[in-house]
Amino acid sequence: MYDDIFKSVKGLLDKAGRVLIATHVVADGDAVGSSAALALIALHFGCDTRIFMRTGLPSEVPLRSMPAPIVRYCAELGDFVPDVAFFVDCGDARRAGPEMERLILKRSLPAPEAGEEGRGPGVTVVNIDHHAANPMFGDVNLVCEQCAATAELVGLFAEYLGLPLTGDLGEAVYYGLVTDTGNFTFANTHAGSLALGARILAAGLDVADFSKRCDNNWSLGRMRLWGTLMRGVNLFADGAIACCTVSRRLMEEFGLGNEDLEGFASWLRRVKGVRVGFLLREDGPENCKISLRSMGDFDVRAVTAIYGGGGHVSASGATVRLPLAQAQALVLKEIEDRLRADGSADASKILYC
Ligand SMILES: [Mn+2]
């Protein structure tokens, strides 16, 4: 399906000595899984490889190890100047942080000292992603909106190269797949995602052991935080919206970080009749993060786009520069208006390509 693009990416790896793989800030399972899988592929080509994660590796990663060193700043790269910079799971050029945005714009690494020229002009940028409206910022763009996860594209690329999806490579692809499909339950799950998952299992993945590492790693604090949050869930729009707000004070009380909220928004859909789950996190006096979830029959991007956010039909987020209560009222109204107008996305359009 992507043979022409796969062929060009292979051609780049054949020639590349040094490869940088960058992914988005606050890396999720797909960002980590697709970075790890792609790093393993680059290592197979003998490339010296680095992974750029502006906010670092999340604390709970089920993978046994990351195949390449992880850096958060270009300064940590030393004299490492990549021939090829891959961007995985980045819906736009800003998602990997300002230094990587600059790399995309200038095709070179930022200068180590102010006033110096950037290093390595002529870095080739490869954009591998599955977000809608990806602006195709790469020299090569492997972008498929219908793919459930970026890791799915990386998995298909590995198969194109004839690399078996065994061991760490299989796990890395599988991690991205299960994260972005909610264990193959979200609207983006298509026959191709399951078939790829099945091929990874056939190649030897111990699914019970992997799932245990992936899911059974909570602290008691997180369990109790989620319990408190669930008690505070309210329904709006005749039960079509489940909303939960998280204040700074509550997070401080529990002594937990934002990573402990990962996945909570999806649970809001569990209430019968709910079409949109709406999680609102207070980040500052006039700064909130909103996370919206649907089952694919309501396009949550239509709401987050108002605030400059992005994502997918069924999972999207944005930052709203307002106090918590005001942001809640405003966004609730935006969702309600669209529900009333039935601004639904047609779930049948979500097909495999
Ligand atoms: Mn993704």
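If you number the sequence shown the way my numbering does, the last residue is 1232 and the count never jumps. Even for Gly, the Cβ is constructed at its ideal location relative to N, Cα and C. Keep in mind that this is a model prediction, so the values were computed, not measured.
Please report the Cβ distance between residue i and residue j, rounded to the nearest whole angstrom; I am assuming they are in contact, meaning their Cβ atoms lie under 8 Å.
| i | j | result |
| --- | --- | --- |
| Leu1084 | Glu1031 | Leu1084 to Glu1031, Cβ: 15 Å. No contact. |
| Arg974 | Val904 | 7 Å |
| Glu1138 | Phe1089 | About 20 Å; that fails the 8 Å criterion. |
| Asn1166 | Arg1200 | 6 Å |
Here's a check: name, in chain order, each residue in its chain whose Cβ is nearer than 8 Å to the Cβ of residue i, leaving out the five neighbours to either side.
| i | result |
| --- | --- |
| Gly1222 | Low local confidence applies: a pLDDT of 45 at Gly1222 is under 50, so the model's placement there is unreliable, with the coordinate-based value given in what follows. Once the five neighbours on either side are set aside, the close Cβ partners of Gly1222 are Phe1177, Asp1178 and Ala1181. |
| Leu1218 | Ala1116, Ala1119, Ile1120, Arg1154, Val1155 and Phe1177 |
| Arg1092 | Pro941 |
| Gly1134 | Gly1100 |
| Val1112 | Ala1121, Cys1122, Cys1123, Leu1147 and Val1150 |
| Pro1014 | Asp971 and Ala972 |
Hey, out of the options, whose CA is closest to residue i's CA?
| i | options | result |
| --- | --- | --- |
| Val1033 | Leu1218, Asp909 and Ile1169 | Asp909 |
| Trp1105 | Val960, Met1130, Tyr1186 and Gly1041 | Met1130 |
| Gly1046 | Ala1070, Ser944 and His1069 | Ser944 |
| Ala901 | Leu922, Ala1027 and Phe966 | Phe966 |
| Pro1164 | Ser1193, Leu1140, Asp1139 and Pro1202 | Pro1202 |
| Val1002 | Arg1200, Lys894, Ala1051 and Gln1205 | Lys894 |
| Asp1162 | Leu1147, Gly1136 and Asp883 | Gly1136 |
| Val911 | Glu980, Pro946, Ala1066 and Val963 | Pro946 |
| His1191 | Ser938, Ile884, Ala1011 and Asp882 | Ala1011 |
| Phe1016 | Gly1041, Ser1072, Ala1082 and Ala972 | Ala972 |
Taking 7 Å as the limit between beta carbons, can you name the residues of its chain near residue i, skipping five residues before and five after?
| i | result |
| --- | --- |
| Val888 | Val1005, Val1019, Leu1021 and Phe1036 |
| Thr1068 | Ala1027 and Thr1060 |
| Ala1197 | Ile1169, Thr1183, Tyr1186, Gly1187 and Gly1188 |
| Ser1195 | Leu1171, Val1179, Arg1180, Thr1183, Gly1188 and Gly1189 |
Excluding sequence positions up to five away, which residues of its chain have a Cβ less than 6 Å from the Cβ of residue i?
| i | result |
| --- | --- |
| Ala1144 | Gly1156, Leu1158, Ser1170 and Arg1172 |
| Gly890 | none |
| Gly1152 | Gly1118 |
| Ile949 | Ile930, Met932 and Leu936 |
| Ser1126 | Glu1161 |
Compute the minimum distance between the beta carbon of residue i and the heavy atoms of ligand 2, and state whether it is under 6 Å.
| i | result |
| --- | --- |
| Asp909 | This structure lacks ligand 2; its bound ligands are ligand 1. |
Stretch-stretch touch, CB-based, cutoff 8 Å, three pairs: the region 927-935 with the region 1045-1065: no
Given 8 Å, three or more beta-carbon pairs between the region 1207-1215 and the region 1182-1190: yes
Inter-stretch contact (C-beta, 8 Å, three-pair minimum) for the region 1039-1053 and the region 978-989: no
Threshold first: 3 residues or longer. Then list the beta strand (DSSP E) segments lying entirely within the region 902-986, N to C. 927-932 and 963-967
Please go through the region 1082-1152 and give each complete alpha helix (DSSP H) segment of 4 or more residues, from N-terminal end onward. 1086-1094, 1099-1110, 1127-1133 and 1143-1146
What ranges does the alpha helix (DSSP H) occupy inside the region 1018-1082, keeping only unbroken runs of at least 4 residues that lie completely in it? 1029-1039, 1046-1060 and 1070-1081
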